[in-house]
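Quick note, the sequences are listed as chains A and B, same order.
Numbering-wise, the first sequence is residues -7 to 458 according to my numbering.
Numbering-wise, the second sequence is residues 105 to 622 according to my numbering.
One structure below.
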Amino acid sequence: MGSRRPVHPYIPNSVPAVKEEMLREIGVASADELYAQMIPERLRLRRRMELPEPLPAELDLRRHVEGILSKDRTCSDYLSFLGGGCWQHFVPEVCDEIIGRSEFLTAYAGGPYSDLGRFQAVFEFQSMICELVGMEVSGTPTYDWGSAAGNAVRMASRITGRREVLVPRNISPARLSIISNFCNPTTTGDGIFVKQVDYDPEKAILDLGDLEAKISDRTACVYFESPSYLGVIETQGAEISRIAHDNGAESVVGVDPISLGILAPPSDYGADIVCGEAQPLGVHMHAGGGLSGFIASRDEERYVGEYPLRLISVTDTAKEGEYGFGQCRYERTSYIAREKAKDWVGTTTALWAIAAAVYMSLMGPEGMREVGESMIQRSHYAAKRLSEIESVRVPFDGFFKEFPVNFAGRTVAEVNHGLLEHKIFGGKDISAEFPELGQSSLYCVTEAHKQSDLDRLASTLREVLA
Amino acid sequence: MTGEVKLRRYHAPVWNEPVILELGRRGERGVLLPEVEEGIRRSVGPAEGLLPANVRRRSSPELPELSQAQVLRHYLRLSQQTLGMELDVDLGVGTCTMKYSPKVNERLAAMVADIHPDQPEETIQGLLEVVWRFGHVFLREISGMDEFSFQPPGGSAAAFNNACMMRKYHELNGEAAQRNEIITTIFSHPCDAACPATAGYKVVTLYPDEETGLPDVEALKAAVSEHTAGLFITNPEDTGIFNPEVDEWTRIVHEAGGLCAYDQANANAILGVTRAREAGFDMCFFNLHKTFSSPHGSSGPGCGAVGVTEELAELLPVPVVVKEGERYHLDYDRPNSIGKVRDFHGNLPSVVRAYAWAMSMGADGLREVAEISAINSSYLETKLKRIRGVTKPYKDGRRVDQIRYSLARMKEETGVGVDDVNRRVVDYGVQTYFTSHHPWIVPEPFTPEPCETYSKADIDYWAEVLRQVSEEAYSEAEKVKTAPHNSSISRINSAPFDDPEKWAMSWRAYKRKRRQGK
């Protein structure tokens, strides 16, 4: 085997003469002989793999893959109102420029003497997230909001030594499933129990009566969100945190950080740990690949010691006026402590954290305020226009960028199908997720929607429902 | 090319760049948004009116205020102060497979940048086709597994996913409470211990025989019991040693009623050579950001592609991409699924890149990738074993994709250890190498992995850097101990990292502590 194969541009030593020279140096006649010295015969595949004919020429490859992917329609081709955990926001060109830089794109595990800039960029991400949420500690990003929430409630459980967490019933079912997998409530004796607290059916905020009924001295934390999955801003944050604290529990708050130019930071209403999703901050949706979670807390040892994440700390160096960076309490992590670690840490989403750092730097305080204002005005305008349509109802007020829309007498599937024919992606169908809301669809409106887009939605919907 | 390798005169960029929160002036703007149209403003009134007073932000976040060119410049400088992988010979980072990420694949992956994961299936048939083909055509043949998920967004996330599936499997059999232990080896990746532990398992870790570097089969036999939920094992292990009895291991664990999960994060040198199926595994995962060329992204986003046998397919996280006739479908209707470990479908652009890479290779190309990786590693060994102070612990047999070496002898003879050398190699323009996961069973360890990306000349250069630093260690040890000398910064004061009074994970914490004189 081997000598017939063409030289591949990604494999410099596939040049037969080089390969042979190296084999000679090693002292074996062939790669097969080399493998025979490593892996027993019975475990070696004794045939050529059956795979499609390769396309080693770049031009052929490009035509092939572009041919498949060009069948797709994207949210730039169609007008989209999908959100529900991944949102179409404006991504400034500079964000893409920076994360497309070879150095950031391809770096991985180098230390601060070789990859200083990567450490500093992530430290700046942590710093600016802390400014938005009103905390002093954050770390490298998590995989997404769900895993950030999963880590956060586990932190709370370790801090309090308690094994029950309360979450709102109007949480995203996908996020709840992730949290449940993190908490392992069902099987072994040492799992963490996830209990759901009702939401107020009128206002879609947390039902404090139900919270009071369910909280106890077994509760590690109350986890709640603002805005929630159903889009509504939680107005009782201080009250919820107080109830949590009165019962010796932690207050853990999930946020959409793009709201924090206009919404109070969770620290204002008593949060102990904050988590959320960074994708709105300068990252494309990437078919869901753009998600990136974060965790933040106060700068207290009992919190810092429980983070599973890498925590980048600034320090000084041997030279005056120079910043160095490194990892705080690294022995917490699974790289050192294995099964005794705080959960686990791995390759998460650092590139998106760098994009988010660039985004927050570009936006500044004014930009963050404007983007929040723009969204809340546009979403409320859209809701108003849609409610004017007969048989359409927007059940909740007090939302930020997302809101359920209820259709009487029609299924969301039918409505969305109708909209699709007009090149519109209607809101996410949440009828199965929240049967109590009837045939409902979660609409997302951002700063990227023009008034004309919203008017077009309203008029098309009118047509589809007619 | 043969003959003398000439080391480069190198110096990293020194920008002495401030933290961005120190830059700019009040009122500067980096980017503007479209004005809210008058029609909207008239209709809904000012934003303030839409917000209850008690949820409004009272004071602005203290973000920097900079113009666009200044933001760009700052982050360009930070990128320049990052060596990354493409600018240098980055073959020192074992367990990470620092291979070239083809540029054309970036263009292809960008085609899905503006897709929302909940778009109607009929509008993303192309993407679903790529995902399905990569799983059912490529990974099926490479691993011998039957069904696949790309939801886990990294290698450790895949190990966690597999622990959740194992938990669910025993739960469905009514044995979840009884089977509460998993078995791993100390030279398996730490995630193989940490992720099952997070999923609620007790972890039994087997240690290697001092001669072979591998745990003994008898140790495994003693470890299994009616409490065994399963096995999580990396093979080849971190040492680069392939466990030749791995099929016997899976047989023993199966006999005890457990499942076997194969950590194939680094499968680069065994593509088309040996497979999870024949080794008797029930599930496995591949890191698409390692073996399959998706870029590492400064540490993610990645993808831990999970493969399972048909029997376990029902446990996979939802949705699973299935093919029905000529249509691709996202199947959520899987009642025994573990649910979700990550929102939506995971990181699909990574799958697009992996598919493109695998398509450019084909069966012979993938096998060539494996062979060259194995040859490169053995070739590097011929160079490194001539370097003073370098030893290869455990039996003198072949290793597969990487080799764990030791500088214990150098440390003993010169006082220069593996961390010193790692700071010094940077001065010659190569990325720091991977030492070892913890605990350091091998003292003063380092673990290069010269995958197929690196030419013979690259390997010669890297070996020459190590030879040079070894020479320095034996002749002018101080120079190595005080390294780096050509980096963007000088020696870091690491004391604050473990000192609550001094550590600072944000600029605001740093400012406060500095103000308080800490």
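Positions of the beta carbon are idealized from the N, C-alpha and C atoms, including for glycine.
Each residue's CA atom was taken as its position, placing lysine 615 (chain B) and phenylalanine 111 (chain A) some 18 Å apart.
In this structure, the beta-carbon distance from isoleucine 476 (chain B) to isoleucine 18 (chain A) does not fall below 8 Å.
The beta-carbon of glutamate 413 (chain A) is placed no less than 8 Å from the nearest beta-carbon of chain B.
Taking a contact as a CB-CB distance under 8 Å, the pair cysteine 388 (chain B) and glycine 411 (chain B) counts as one, their CB atoms being some 5 Å apart. Contact between valine 529 (chain B) and valine 569 (chain B) holds: CB atoms are separated by about 5 Å, below the 8 Å threshold. Within the segment 375 to 399 of chain B, the residues whose Cβ lies closer than 7 Å to some Cβ of chain A are Gly376, Val377, Thr378, Arg379, Glu382, Ala383, His393, Pro399, listed in chain order. When DSSP reads this structure, lysine 311 (chain A) sits in no beta bridge, so it has no partner.
Glutamine 118 (chain A) sits in a helix when the DSSP states are folded into three classes. With distances taken between CA atoms, aspartate 602 (chain B) lies nearest to A:Ile304 out of A:Val159, A:Ile304, A:Glu242. In the DSSP assignment, leucine 335 (chain B) falls outside any alpha helix (DSSP H) and within the unbroken beta strand (DSSP E) covering 332 to 338. A distance of 8 Å or more separates the beta carbons of phenylalanine 346 (chain B) and serine 292 (chain B).
The DSSP-derived three-state label of glutamate 428 (chain B) is strand. Its chain contains Pro257, Asn451, Ser454 as the residues whose beta carbon lies nearer than 7 Å to that of proline 405 (chain B), once the 5 sequence neighbours on both sides are disregarded; these appear in chain order. Going by C-alpha positions, arginine 160 (chain B) is about 42 Å away from cysteine 295 (chain B). Excluding its 5 nearest sequence neighbours in each direction, tyrosine 305 (chain B) has C-beta neighbours in its own chain below 7 Å: Ala267, Asn284, Glu285, Ile286, Ala333, listed in chain order. Cβ neighbours of glutamine 228 (chain A) within its own chain (closer than 7 Å, five residues either side excluded): Ile197, Leu198, Leu200. At least one CB of chain A lies nearer than 8 Å to the CB of leucine 452 (chain B).
Assignment of lysine 515 (chain B) by DSSP, reduced to helix, strand and coil, places it in the helix class.
A:Ser62 is the residue among A:Ala450, A:Ser62, A:Arg39 whose C-alpha sits nearest the C-alpha of threonine 227 (chain B).
Annotation: asparagine 143 (chain A) to threonine 132 (chain A) spans about 13 Å, alpha carbon to alpha carbon. When A:Cys78, A:Asp64, A:Glu95 are compared, the shortest CA-CA separation from alanine 213 (chain B) is found for A:Asp64. Apart from sequence neighbours up to five positions away, the residues of its chain that approach alanine 512 (chain B) with a beta-carbon distance below 6 Å are Pro547, Glu548, ordered along the chain. For histidine 372 (chain A), the C-beta contacts it makes with chain B under 7 Å involve Val148, Leu154, in order along the chain. Taking a cut-off of 8 Å on C-beta distances, the segment 441 to 457 of chain A touches the segment 137 to 148 of chain B, as three or more cross pairs fall below it.
Scanning chain B for C-beta atoms nearer than 8 Å to the C-beta of proline 48 (chain A) yields Ser464, Met465, Gly466, Gly469, reported in chain order. Taking 7 Å as the upper bound on Cβ-Cβ separation, chain A lies near residues Ser591, Ser592, Ile593, Ser594, Arg595, Ile596, Asn597, Ser598, Pro600, Phe601, Asp602, Pro604, Trp607, Ala608, Met609, Ser610, Trp611, Arg612 of the segment 591 to 612 of chain B. Within chain B, the C-beta atoms nearer than 8 Å to that of cysteine 78 (chain A) come from His220, Pro221, Asp222, Asp447, Phe448, in chain order. Taking 8 Å as the Cβ-Cβ cut-off, the segment 347 to 358 of chain B approaches chain A at Pro348, Val350, Asp351, given in chain order. By the neighbour-count definition (other C-beta atoms within 10 Å, threshold 16), serine 163 (chain B) is an exposed residue.
Assignment of phenylalanine 291 (chain B) by DSSP, reduced to helix, strand and coil, places it in the coil class. For serine 481 (chain B), no beta strand (DSSP E) segment is defined; the enclosing uninterrupted segment is the alpha helix (DSSP H) at 452 to 488. Neighbours of tyrosine 311 (chain B) in chain A, taken as residues at a C-beta separation under 7 Å, are lacking, since the least C-beta distance is about 13 Å.
Annotation for glutamine 80 (chain A): Cys67, Ser72, Met277, Thr438, Ala440 place their beta carbon closer than 7 Å to its own, counting only its chain and skipping 5 residues before and after.
Cβ-Cβ separation between valine 522 (chain B) and valine 573 (chain B): approximately 11 Å, too far for a contact (criterion under 8 Å). Assigned with DSSP and collapsed to three states, serine 72 (chain A) falls in strand. Closest in C-alpha terms to threonine 325 (chain A), from the list A:Trp344, A:Lys334, A:Asn176, comes A:Lys334.
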